[in-house]
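2 protein chains.
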Amino acid sequence: MVTTRNTREDIVAAAGRMFADKGYHGTSMRDLGSELGLLGSSLYSHIDSKEDLLVEVVDEGARLFLNSSQRAMAVDGGAEKKLRALIAGHVDVVLDHLDVVRTYLNEARMLDESHRTRVVSARDHYESRFRNVISQGVEEGVFRSDVDPKIASIFILSILNAIERWYRPDGGLDRTSLVEAIDGLATSGIQISASRDPR
Amino acid sequence: MVTTRNTREDIVAAAGRMFADKGYHGTSMRDLGSELGLLGSSLYSHIDSKEDLLVEVVDEGARLFLNSSQRAMAVDGGAEKKLRALIAGHVDVVLDHLDVVRTYLNEARMLDESHRTRVVSARDHYESRFRNVISQGVEEGVFRSDVDPKIASIFILSILNAIERWYRPDGGLDRTSLVEAIDGLATSGIQISASRDPR
DNA sequence: TCTTGACAAACGAACGTTCGTTTGTGGTAT
DNA sequence: ATACCACAAACGAACGTTCGTTTGTCAAGA
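Residue numbers (numbering that gives the first Met the number 0), protein chains in the order written: chain A, 0 to 198; chain B, 0 to 198.
See below:
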């Protein structure tokens, strides 16, 4: 049997996995090495420091979300359709890059201040896209005028970011249904309303 | 000036604070000691191990949520009212015990398996109260019949549990308005009545 | 031949924890 | 009122271990 050698990308990927599972401080370089069949010290042939690994994983998370939201903003249609695209895009990023996302969401705070600041502002930028689309929807008259875009975007993102905590790919809920369910709660809530059409 | 001595409860409280901020593995016993003006070793006059502190804080979190939900289930009224009581109770627990809740939500997974199992089942029990109330509401006809109680409860709890990540007591949003906003999105969504978009 | 990736050994610092000792305090006997 | 003692709380040093990282070597590909 031929064991291929490890690349730097293998190491970053494994770091994302382990940081997601056991946390940055809960993962040692020796842990990480043995995940790849290496000694901890051998990792330093590829990287300069442990923190670099965290920076790399977290930055990738930020980039994935920003790219996704940029694509969503480019779809034709009004606020309703754009919001749905933002939601669907977010779900895709979470499900396709679960480890990176979990590290991005839970371990970014372990970065030192300068790196953390950069990540926070990327996150703000991302969230502003949700805020703006909801604002636009209120102005267009498709969303209720008593909706606070700031609060509503936080709530929708809360649902989206929590997916990593409970969703299991083999759990009988496919991603289309998931998007549908989130969009459904966000737009219509759970309550019966006389003026709301049943489907 | 009189410096009072530290009690065991002081230590548990400080542990909750530090575990919430820097994570369990990111907090050393020396860190924790100096937070209280003590050496790390001095903590062992009060406790047996670092993990005991985590167990204690996390258990308190579980207890707070279970008690809160028990009180909510006891209110008179239908599912709508009970759900609102569950939401308000959850918000109270989060805002009144922010450090404990943050440790409960983010650090419980660092517990060893036996402790973690117990905490997970407590959490399941808590979540089942939300699920049951929503089921009841669907049966009563006050919630839409196409609402999946399992999914809806997950989404509502996602919003509730994310509060610790963004809410600032001095941020101009009081807790009544917060409960109102959550209840509003959960029941009515953001969309203006009439029609769900065609797709 | 030169470069690369991994190894083995080792470094100093920090980790959780233990130990023997000191300090302050509050109750009891004188 | 004073002396004493038991006790809890904190200290400071040290334990064995693990941490992230550095160094030097060496085999295998290019």
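By construction, the Cβ of each residue, glycine as well, lies at the ideal position given by its N, Cα and C atoms.
Given this structure, state the Cα-to-Cα distance separating glycine 88(A) from histidine 45(A), to the nearest angstrom. Within the first sequence, the letter at position 89 stands for residue 88(A). Within the first sequence, the letter at position 46 stands for residue 45(A). Going from the Cα of glycine 88(A) to the Cα of histidine 45(A) covers about 33 Å.
Chain B residues whose Cβ lies nearer than 9 Å to that of methionine 109(A): Taking the first sequence and counting its residues from 1, the one referred to as residue 109(A) is at position 110. Those within 9 Å of methionine 109(A) in chain B are Lys21, Gly22 and Gly25.
For arginine 198(B), count neighbouring C-beta atoms within 10 Å of its own C-beta (all shown protein chains included) and say buried if the count is 16 or more, exposed if not. Reading the second sequence from its first residue, position 199 is the one you call residue 198(B). Below a pLDDT of 50, predicted positions are generally treated as unreliable, and arginine 198(B), at 34, falls in that range; no measurement from the model is reported.
Using only alpha-carbon positions, find the residue among Gly39(B), Glu59(B) and Tyr23(B) that is nearest to aspartate 111(B). Reading the second sequence from its first residue, position 112 is the one you call residue 111(B). Checked all of Gly39(B), Glu59(B) and Tyr23(B); the closest Cα to aspartate 111(B) is Tyr23(B).
In chain B, which residues lie with their C-beta within 7 Å of the C-beta of isoleucine 86(A)? Translated into positions along the first sequence, residue 86(A) becomes position 87. Those do not exist, as isoleucine 86(A) stays about 12 Å from chain B at its closest Cβ, beyond 7 Å.
Can you find the residues in the same chain that come closer than 8 Å, C-beta to C-beta, to glycine 183(A), ignoring five residues on each side of it along the sequence? Your numbering for residue 183(A) matches position 184 in the first sequence. Nothing meets the Cβ criterion.
First and last residue of the uninterrupted alpha helix (DSSP H) at asparagine 160(B): For the purposes of this step, residue 160(B) is taken as the residue at position 161 of the second sequence. Asparagine 160(B) -> alpha helix (DSSP H) spans 148-165.
Anything in chain B within Cβ reach of serine 157(A), meaning under 7 Å, just list it in chain order. Stepping through the first sequence from its first residue, residue 157(A) is reached at position 158. Ordered by position in chain B, the residues that pass the 7 Å Cβ test against serine 157(A) are Ser157, Ile158 and Ala161.
Given a threshold of 16 other Cβ atoms within 10 Å of its Cβ, counted over all protein chains shown, does serine 265(A) qualify as buried or as exposed? Residue 265(A) lies beyond the range of chain A shown here (0 to 198); nothing can be said about it.
Asparagine 105(B): contacting residues in chain A (beta-carbon distance under 8 Å): Locating residue 105(B) in the second sequence gives position 106, counting from the first residue. Going along chain A in sequence order, the residues near asparagine 105(B) (Cβ under 8 Å) are Asn105.
Proximal residues to phenylalanine 18(A) (C-beta, below 7 Å), its chain only, five neighbours per side dropped: In the first sequence, the residue the question calls residue 18(A) occupies position 19. So the qualifying residues of the chain are Thr26, Leu53, Val56, Thr102 and Glu106.
What whole-angstrom Cβ distance do alanine 84(B) and valine 74(B) have, given they're in contact under 8 Å? Walking along the second sequence from the start, residue 84(B) turns up at place 85. Walking along the second sequence from the start, residue 74(B) turns up at place 75. At roughly 5 Å, the Cβ-Cβ gap stays under 8 Å, so alanine 84(B) and valine 74(B) are in contact.
Quick one: which chain A residues come within Cβ less than 8 Å of aspartate 147(B)? In the second sequence, the residue the question calls residue 147(B) occupies position 148. What aspartate 147(B) touches in chain A: Ala180.
Cut-off 8 Å between Cβ atoms - residues of its own chain near tyrosine 166(B), not counting five sequence neighbours on either side: Translated into positions along the second sequence, residue 166(B) becomes position 167. Within the same chain, tyrosine 166(B) has close Cβ partners Val93, Leu94, Leu172 and Leu177.
How would you label proline 168(B), buried or exposed, when you count the other beta carbons within 10 angstroms and need 16 or more for buried? For the purposes of this step, residue 168(B) is taken as the residue at position 169 of the second sequence. That one is exposed.
Could you check where the alpha helix (DSSP H) with serine 120(A) kicks off and where it finishes? Residue numbering aside, residue 120(A) sits at position 121 when the first sequence is read from its first letter. Residues 112-139.
In angstroms with no decimal places, state the Cα-to-Cα distance between serine 120(A) and aspartate 91(B). Here the question's residue 120(A) lines up with position 121 in the first sequence. Here the question's residue 91(B) lines up with position 92 in the second sequence. Serine 120(A) and aspartate 91(B): Cα-Cα distance of roughly 29 Å.
Within 10 angstroms of its Cβ, does glycine 170(B) collect 16 or more other Cβ (buried), or is it exposed? Counted from its first residue, the second sequence places residue 170(B) at position 171. Glycine 170(B) is exposed by the Cβ-count criterion.
Would you give the residue range spanned by the alpha helix (DSSP H) that arginine 208(B) belongs to? In this structure chain B extends from 0 to 198, so residue 208(B) is not present and cannot be described.
Presumed contact (8 Å Cβ cut-off) between leucine 78(B) and valine 146(B), rounded CB distance: Position 79 of the second sequence, counted from the first residue, corresponds to residue 78(B). Position 147 of the second sequence, counted from the first residue, corresponds to residue 146(B). According to the sequence shown, residue 78(B) is alanine rather than leucine. With 8 Å as the limit, alanine 78(B) and valine 146(B) do not qualify as a contact, their Cβ atoms being about 11 Å apart.
Can you tell me whether glutamate 139(A) is buried or exposed, with buried defined as 16 or more other CB within 10 angstroms of its CB? Here residue 139(A) refers to the residue found at position 140 of the first sequence. Under this definition glutamate 139(A) is an exposed residue.
Distance between lysine 149(A) and alanine 14(B) (C-alpha atoms, nearest Å): Along the second sequence, one-based indexing puts residue 14(B) at 15. Along the first sequence, one-based indexing puts residue 149(A) at 150. Taking the straight line joining both Cα atoms gives about 33 Å.
Closest by C-alpha distance to leucine 82(A), when choosing among Tyr43(A), Val100(A), Phe129(A) and Ser40(A): Walking along the first sequence from the start, residue 82(A) turns up at place 83. Comparing Cα-Cα distances from leucine 82(A) to each of Tyr43(A), Val100(A), Phe129(A) and Ser40(A), the minimum goes to Phe129(A).
What do you reckon, is the C-beta of leucine 104(A) under 7 Å from a heavy atom of the ligand MG? As presented, the structure is devoid of all ligands, the ligand MG included, so that no description of it is given.
Buried/exposed call for asparagine 160(A), threshold 16 Cβ in 10 Å: By 1-based counting over the first sequence, the position of residue 160(A) is 161. Buried, since its Cβ has 16 or more Cβ neighbours within 10 Å.
Which stretch, first to last residue, makes up the alpha helix (DSSP H) that contains isoleucine 10(B)? For this step, residue 10(B) is matched to residue 11 along the second sequence. Where isoleucine 10(B) is concerned, the enclosing alpha helix (DSSP H) stretches over 7-21.
Is arginine 115(B) near arginine 108(B), with beta carbons less than 8 Å apart? Looking up residue 115(B) in the second sequence gives position 116. Looking up residue 108(B) in the second sequence gives position 109. For arginine 115(B) and arginine 108(B), yes; Cβs fall inside 8 Å.
Looking only at C-alpha atoms, which of Val132(B), Asn5(B) and Arg70(B) sits nearest to leucine 38(B)? As a first step, residue 38(B) is located in the second sequence; it is residue number 39 there, counting from the start. The shortest Cα separation from leucine 38(B) among Val132(B), Asn5(B) and Arg70(B) belongs to Asn5(B).
Assigned secondary structure, glycine 36(A) (DSSP; H/G/I helix, E/B strand, else coil): Here residue 36(A) refers to the residue found at position 37 of the first sequence. Three-state result, glycine 36(A): coil.
Using C-beta distances below 7 Å, list every residue in its chain close to arginine 29(A), excluding the 5 sequence neighbours before and after it, in chain order. One-based indexing of the first sequence puts residue 29(A) at position 30. Same-chain partners within the cutoff: Gly39.
Beta-carbon of leucine 37(A) versus every beta-carbon of chain B: anything under 8 Å? Residue mapping note: residue 37(A) aligns to position 38 of the first sequence, counting from 1. Output row for leucine 37(A): interface = no.
Contacts of phenylalanine 64(B) in chain A (Cβ-Cβ under 9 Å): As a working mapping, residue 64(B) is identified with position 65 in the second sequence. Those within 9 Å of phenylalanine 64(B) in chain A number zero; the least Cβ separation is about 16 Å.
Name, please, each residue of chain A whose Cβ falls closer than 9 Å to the Cβ of leucine 184(B). Within the second sequence, residue 184(B) is the residue found at index 185, counting from 1. Chain A residues near leucine 184(B): Val146, Ile150, Ala151, Phe154, Ile155, Leu184, Ala185 and Gly188.
Quick one: residues in its chain with C-beta nearer than 8 Å to the C-beta of isoleucine 86(B), no 5 flanking neighbours on either side, listed in chain order? The sequence position of residue 86(B) within the second sequence is 87, counting from 1. The residues are Ile155, Leu159, Val178, Ile181, Asp182 and Ala185.
Report yes if the CB atom of aspartate 9(B) is closer than 8 Å to the CB atom of leucine 35(B), and no otherwise. If you number the second sequence from 1, residue 9(B) lands on position 10. If you number the second sequence from 1, residue 35(B) lands on position 36. Between aspartate 9(B) and leucine 35(B), the C-beta spacing is below 8 Å.
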